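To start, the structure itself, in structure tokens.
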Amino acid sequence: MTHPNIQQLKKYSSGSYLASDVTVLLDIVDKETVADVPVSQKEALIQSGQRHYSDMLTLEQAPTAMHEQLYAQALAQGTNRCATDIAHLAHTLHHTFQHTVHDECPLVLVSLVRAGLPIGVLLQRALADATSSYALSSVHYGISIIRDRGLDPVALQMILEAYPNSPIVFVDGWTGKGAIYQELARSLEAFSDPNHPYFASIYHQGKGTIPLLTLADPAGVAWLAASTDDWLIPSGLLNSTVSGLISRSLYTEPQSGLHRSVFYDNLVEADHSLKFIEQIDNVRQTLTISAQCLPTFTRPRYQTAELIDKIAADYDITNRNRIKPTIAEATRAILRRDPERILLATAEHPDTVLLRHLCSERHIAISVLGAKILPYQAITLIKQRGKDD
Numbered sequence: 001m002t003h004p005n006i007q008q009l010k011k012y013s014s015g016s017y018l019a020s021d022v023t024v025l026l027d028i029v030d031k032e033t034v035a036d037v038p039v040s041q042k043e044a045l046i047q048s049g050q051r052h053y054s055d056m057l058t059l060e061q062a063p064t065a066m067h068e069q070l071y072a073q074a075l076a077q078g079t080n081r082c083a084t085d086i087a088h089l090a091h092t093l094h095h096t097f098q099h100t101v102h103d104e105c106p107l108v109l110v111s112l113v114r115a116g117l118p119i120g121v122l123l124q125r126a127l128a129d130a131t132s133s134y135a136l137s138s139v140h141y142g143i144s145i146i147r148d149r150g151l152d153p154v155a156l157q158m159i160l161e162a163y164p165n166s167p168i169v170f171v172d173g174w175t176g177k178g179a180i181y182q183e184l185a186r187s188l189e190a191f192s193d194p195n196h197p198y199f200a201s202i203y204h205q206g207k208g209t210i211p212l213l214t215l216a217d218p219a220g221v222a223w224l225a226a227s228t229d230d231w232l233i234p235s236g237l238l239n240s241t242v243s244g245l246i247s248r249s250l251y252t253e254p255q256s257g258l259h260r261s262v263f264y265d266n267l268v269e270a271d272h273s274l275k276f277i278e279q280i281d282n283v284r285q286t287l288t289i290s291a292q293c294l295p296t297f298t299r300p301r302y303q304t305a306e307l308i309d310k311i312a313a314d315y316d317i318t319n320r321n322r323i324k325p326t327i328a329e330a331t332r333a334i335l336r337r338d339p340e341r342i343l344l345a346t347a348e349h350p351d352t353v354l355l356r357h358l359c360s361e362r363h364i365a366i367s368v369l370g371a372k373i374l375p376y377q378a379i380t381l382i383k384q385r386g387k388d389d
């Protein structure tokens with residue numbers, strides 16, 4: 001008989017993904033009930049401290065034709081790497097958990113909405129592939145994490161109650177400064193006592209080790225990552241239209257339920273979510289290389305912390321939230337925020353074509369700094385609105 005707590009989870013949406021790909025534990029609300037706040041107004045409210053970013057939303061529009069073209073180029077360029085990285089990650093998960101998980105006690109992949117969703121879906125498909133050498137019993141959920149406000153405790157508790165004996169691995173797309181890792185670590189402190197009933201579900205790699213998996217980890221904070229490179233992850237170039245048509249999450253007080261999100265049903269024709277998954281997954285299934293075990297780390301290395309400190313000092317930035325490193329974050333910041341300047345490692349890198357196009361279109365200054373910003377290829381600096389805090 002199916003566990004009643006698992007049955008309870010099944011009533012939630014999968015966005016535009018298949019029900020077998022993921023269950024997204026968000027309260028989906030009608031976009032008509034959410035105020036559409038213009039970017040410049042939102043920026044002023046955030047930086048002045050009048051509103052938190054997770055209390056507002058700028059409703060998304062369909063990507064432009066140029067944006068679509070550059071996404072298609074990035075997908076063509078990055079499909080093989082993405083598929084290979086997923087195979088290596090799945091193989092490492094299989095090697096780590098093959099003796100402890102089974103159908104009654106599956107590995108629980110918990111993707112951090114939104115950037116983690118495409119990676120989590122790809123991993124779920126890989127682990128479900130009975131023809132592969134790394135098949136492993138797993139289930140996949142998506143939950144909200146919000147800077148300064150943490151992981152959605154209601155969603156996490158629902159998962160823990162449904163799978164009380166299963167190990168949980170948190171999945172994100174990439175790391176920038178390591179801020180989400182720190183938010184995750186703070187949110188999980190409540191479970192860090194070895195006597196806590198859910199301690200083993202979270203700290204299965206040892207006390208103090210946060211089981212965060214990412215495709216790319218330039219910040220050096222993940223437990224498991226395919227690389228530390230800042231590369232053009234195709235899913236990093238789009239927002240909802242490669243993340244199940246789900247909006248960035250909106251905060252809800254725990255006593256009122258799950259964090260909220262909007263489902264962009266008006267963008268169905270522009271949705272690449274399933275096509276992205278199918279293209280990468282089809283290539284993964286045809287790979288001829290042997291999947292490898294990747295290294296894991298018990299503690300974060302924070303390998304870019306000094307670089308972020310130097311950029312903050314050089315540009316007189318006291319609020320680190322105004323610094324958005326990695327190609328993906330730099331691009332998303334241009335699309336969603338009010339940028340002041342873009343820092344690039346090189347003027348002509350093929351992975352920053354969309355970024356440079358957007359800068360040209362919006363007359364945003366670019367500074368080429370060479371090796372000074374490596375391992376990042378790009379960093380967006382958000383425009384200051386009022387006094388930094």
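Start counting the sequence shown at 1; every next residue gets the next number (full-length UniProt numbering). Note that the Cβ used here is the ideal one computed from N, Cα and C, for glycine as well. Nothing here was measured: the structure is a model prediction, and the numbers come from that model.
Tell me whether the segment 236–245 and the segment 270–283 touch, counting them as touching only if at least three CB pairs, one residue from each stretch, are closer than 8 angstroms.
With the cut-off at 8 angstroms, the segment 236–245 and the segment 270–283 touch.
Rank A155, S138, F199, L156 by C-alpha distance to the C-alpha of V121 and give the top, closest one.
Put simply, of A155, S138, F199, L156 the residue whose alpha carbon is nearest the alpha carbon of V121 is S138.
Where do the ends of the beta strand (DSSP E) carrying V169 lie?
Run containing V169: 168–174, per the beta strand (DSSP E) assignment.
8 angstroms contact criterion, which W231 and A219 should meet: CB distance rounded
W231 to A219, Cβ: 14 angstroms. No contact.
Assigned secondary structure, P325 (DSSP; H/G/I helix, E/B strand, else coil)
P325: strand per DSSP, three-state reduction.
Between which two residues does the beta strand (DSSP E) holding S144 run?
Start and end: 138–146.
Tell me the start and end of each unbroken alpha helix (DSSP H) in the segment 191–245 that is at least 4 residues and wholly inside, in chain order.
199–202, all fully within the segment 191–245.
Would you call the segment 167–182 and the segment 196–209 touching, i.e. three or more CB-CB distances under 8 angstroms?
A contact exists between the segment 167–182 and the segment 196–209.
Status (buried if at least 16 other CB within 10 Å, exposed otherwise) for S111:
Here S111 is buried: its Cβ has 16 or more other Cβ atoms, across all protein chains shown, within 10 Å.
Classify T131: buried if its beta carbon has 16 or more other beta carbons within 10 angstroms, exposed otherwise.
Per the 10 Å Cβ criterion, exposed.
C-beta atoms of residue 396 and L344 nearer than 9 angstroms
Coverage of the chain is limited to positions 1 through 389, which leaves residue 396 absent and any answer about it impossible.
Using the C-alpha atoms, what's the distance from A378 back to A19?
Those two C-alpha atoms are separated by around 35 angstroms.
Anyone know if the C-beta pair for D36 and H259 falls short of 9 angstroms?
No; because the gap between Cβ atoms is not below 9 angstroms, this pair is not in contact.
What number of angstroms, rounded off, separates the C-alpha of H99 from the C-alpha of S133?
Going from the Cα of H99 to the Cα of S133 covers about 14 angstroms.
For R336, does the three-state DSSP call read helix, strand or coil?
R336: helix per DSSP, three-state reduction.
First and last residue of the uninterrupted alpha helix (DSSP H) at D281
Annotation for D281: the continuous alpha helix (DSSP H) segment containing it runs 273–285.
Candidates C82, Q157, E183, P211: which alpha carbon is nearest L107's?
Residue P211 is the option with its Cα nearest to L107.
What are the boundary residues of the alpha helix (DSSP H) that includes R81?
Going by DSSP, R81 is part of the alpha helix (DSSP H) stretching over 65–97.
I233 and A328: beta carbons closer than 9 angstroms?
In this structure, A328 lies closer than 9 angstroms to I233 by Cβ.
Can you give the Cα-Cα distance for C293 and Q384, rounded to whole angstroms?
Between C293 and Q384, the C-alpha separation is close to 44 angstroms.
Mapping the DSSP letters down to three states, classify C293 as helix, strand or coil.
C293 falls in the coil class under three-state DSSP.
Could you give the distance in angstroms between the alpha-carbon of G173 and the alpha-carbon of S249?
Cα-Cα distance, rounded: 16 angstroms.
What first and last residue would you give for the alpha helix (DSSP H) that runs through V101?
Counting along the chain, V101 falls outside any alpha helix (DSSP H), and DSSP gives it neither H nor E.
Alpha carbon to alpha carbon, how far is N319 from D389? Give it in angstroms, no decimals.
In this prediction, D389 has a pLDDT of 42, which is less than 50 and means its spatial position is unreliable; what the coordinates show is noted afterwards. Using only the alpha carbons, I get a separation of about 6 angstroms.
If you run the structure through DSSP and keep just helix, strand and coil, what is L18?
Correct three-state label for L18: coil.
Using the DSSP secondary-structure output, state which residues sit across from I119 in a beta bridge.
Looking at the DSSP assignment, I119 forms no beta bridge with any residue, so it has no partner.
When the Cβ atoms of the segment 142–159 are set against those of the segment 299–317, are three or more pairs found closer than 8 angstroms?
No, they do not touch.
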